[in-house]
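In the numbering used here, the protein residues as written are 42 to 416.
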């Protein structure tokens, strides 16, 4: 019967056992590796954590006990609005709103911005809505941690459970944080939002006025040009007045703001996360995001929250919030390359030695057979 080696079964068994030990050694040599932007991610999560506390303290200055409302969770009371309100413009999932309150979501935004190649001092464009105040905070925190200069435009209207309290819109939140010197930047302009970026069908005249009041008390440019296409142009012009579109190093869109993405259907056509360029598709309408893409500005889209949370292994729709600075986004597991290389080298060495003795024995047998033939 053919045997690939002249070594004994005992020797082969010992070699097999050695290989199993080496494999087990390499398999269990995994180490946690921190990315190059680890420090920025830690900073961003801590900044967001502090921002949340500042907003809670502002909303409940005397604490829960002094509030006339039945407040069980200060964070939920501060950062999650009602299912409906006069400035609610769309439906929404409460799980998404809770998920982005996680301070570690700020580290996710840092990761996406790092993928786009931004550097300290770069100017980026940010488009926000009132629907996900947690995601907005994450973007602000990431921009500060990376030392970026963000130019921000906001749609004030909110979907269910967002920043839809008329007296505490997203614009009011960012103003509180600006005054507290947490951030040195805030929105430069705002629109009503909704289906046409001017309030849509859901917004009543009272709701429209409440949004105008919010924009006015925060001293921002009101983008209200009479139509969606005009609002898109108005936003693009406002960004351009700060610096030419080609000078922006990234366009970060959070949520499904219609002026930003162009059409509701584009939410499914524009990839979630970082894109060096937008895919060539038959978009029903073009938004601000397309004008930036045409100028070769990298795009970051944060809209499908469950998908992003699953990718980065963040908890979805759960309170209390997890500890900041811990998770896949901060460090990932990989094999210890030194140990794996040593294990592989030893295996190869054993195989080479076995082959050497096999060849030696084979040569000896060949010589023996030749001598027997001569005899």
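Glycine is no exception: its CB is placed at the ideal position from the N, C-alpha and C atoms.
Same chain, Cβ closer than 7 Å to residue i, neighbours up to 5 away in sequence not counted
{"i": "residue 35", "result": "Here the chain has residues from 42 to 416 only, and residue 35 is not among them."}
{"i": "residue 97", "result": "115, 116, 119"}
{"i": "residue 159", "result": "165, 187, 189, 290, 291"}
{"i": "residue 236", "result": "242, 299"}
{"i": "residue 138", "result": "121, 173, 175, 202, 203"}
{"i": "residue 60", "result": "388"}
{"i": "residue 136", "result": "357, 358"}
{"i": "residue 205", "result": "122, 123, 126, 128, 129, 171, 199"}
{"i": "residue 221", "result": "95"}
{"i": "residue 256", "result": "197, 212, 231, 263"}
{"i": "residue 81", "result": "151, 186, 187"}
{"i": "residue 214", "result": "96, 174, 204"}
{"i": "residue 272", "result": "232, 238, 239, 264, 266, 300"}
Minimum C-alpha distance to residue i - residue among the options
{"i": "residue 219", "options": "206, 236, 185, 199", "result": "185"}
{"i": "residue 318", "options": "330, 307, 334", "result": "334"}
{"i": "residue 140", "options": "250, 348, 82, 393", "result": "348"}
{"i": "residue 383", "options": "54, 58, 62", "result": "62"}
{"i": "residue 134", "options": "346, 355, 273", "result": "346"}
{"i": "residue 131", "options": "385, 322, 248, 214", "result": "248"}
{"i": "residue 223", "options": "246, 254, 183", "result": "183"}
{"i": "residue 270", "options": "366, 88, 329", "result": "329"}
{"i": "residue 87", "options": "102, 367, 69, 379", "result": "367"}
Residue i to residue j span [Cα, whole Å]
{"i": "residue 290", "j": "residue 163", "result": "6 Å"}
{"i": "residue 126", "j": "residue 207", "result": "8 Å"}
{"i": "residue 244", "j": "residue 79", "result": "43 Å"}
{"i": "residue 171", "j": "residue 264", "result": "15 Å"}
{"i": "residue 225", "j": "residue 261", "result": "16 Å"}
{"i": "residue 280", "j": "residue 302", "result": "15 Å"}
{"i": "residue 51", "j": "residue 64", "result": "20 Å"}
{"i": "residue 351", "j": "residue 327", "result": "29 Å"}
{"i": "residue 362", "j": "residue 90", "result": "10 Å"}
{"i": "residue 283", "j": "residue 181", "result": "18 Å"}
{"i": "residue 157", "j": "residue 151", "result": "10 Å"}
{"i": "residue 431", "j": "residue 83", "result": "The structure shown does not extend to residue 431, since the chain spans only 42 to 416, so no value can be given for it."}
{"i": "residue 73", "j": "residue 397", "result": "39 Å"}
{"i": "residue 370", "j": "residue 227", "result": "26 Å"}
{"i": "residue 239", "j": "residue 320", "result": "28 Å"}
{"i": "residue 372", "j": "residue 275", "result": "41 Å"}
{"i": "residue 155", "j": "residue 191", "result": "15 Å"}
{"i": "residue 194", "j": "residue 229", "result": "6 Å"}
{"i": "residue 278", "j": "residue 293", "result": "17 Å"}
{"i": "residue 385", "j": "residue 54", "result": "18 Å"}
{"i": "residue 209", "j": "residue 360", "result": "22 Å"}
{"i": "residue 254", "j": "residue 246", "result": "12 Å"}
{"i": "residue 153", "j": "residue 100", "result": "31 Å"}
{"i": "residue 85", "j": "residue 250", "result": "35 Å"}
{"i": "residue 365", "j": "residue 77", "result": "18 Å"}
{"i": "residue 69", "j": "residue 379", "result": "13 Å"}
{"i": "residue 417", "j": "residue 102", "result": "A question about residue 417 goes unanswered here, because the residues of the chain that appear run from 42 up to 416."}
{"i": "residue 58", "j": "residue 167", "result": "58 Å"}
8 Å Cβ shell around residue i - same chain, five flanking residues per side excluded
{"i": "residue 287", "result": "336, 337, 338"}
{"i": "residue 305", "result": "236, 297, 299"}
{"i": "residue 161", "result": "187, 188, 189"}
{"i": "residue 331", "result": "303, 319, 324"}
{"i": "residue 109", "result": "Unreliable placement is indicated for residue 109, whose pLDDT of 48 sits below 50; no coordinate value is reported for it."}
Spatial neighbours of residue i in its chain, beta-carbon cut-off 6 Å, leaving aside the 5 residues before and after
{"i": "residue 297", "result": "308, 344"}
{"i": "residue 252", "result": "128, 197, 233"}
{"i": "residue 259", "result": "212, 216"}
{"i": "residue 354", "result": "369"}
{"i": "residue 92", "result": "178, 218, 223"}
{"i": "residue 322", "result": "310"}
Heavy atom of the ligand FAD within 7 Å of residue i beta-carbon
{"i": "residue 237", "result": "Ligands displayed in this structure: none; no statement on the ligand FAD is therefore possible."}
Any chance you could list the alpha helix (DSSP H) runs of at least 4 consecutive residues sitting entirely within the region 224-275, in chain order?
-> 246-258
Going along the chain, which unbroken runs of the alpha helix (DSSP H) with 4 or more residues stay wholly within the region 345-375?
-> 346-352
Ordered list of alpha helix (DSSP H) runs contained in the region 138-204, each at least 4 residues = 145-157, 174-186
Hey, is the region 338-354 in contact with the region 312-320, meaning 3+ C-beta pairs nearer than 8 Å?
-> yes
Between the region 140-147 and the region 266-283, are three or more C-beta pairs nearer than 8 Å?
-> no
What beta strand (DSSP E) runs, 3 residues minimum, are completely inside the region 282-319?
-> 292-295, 314-316
Whole beta strand (DSSP E) runs in the region 52-99 with 3 or more residues, listed along the chain?
-> 72-74
Hey, which unbroken runs of the beta strand (DSSP E) at 3 residues or more fall wholly within the region 112-137?
-> 129-131
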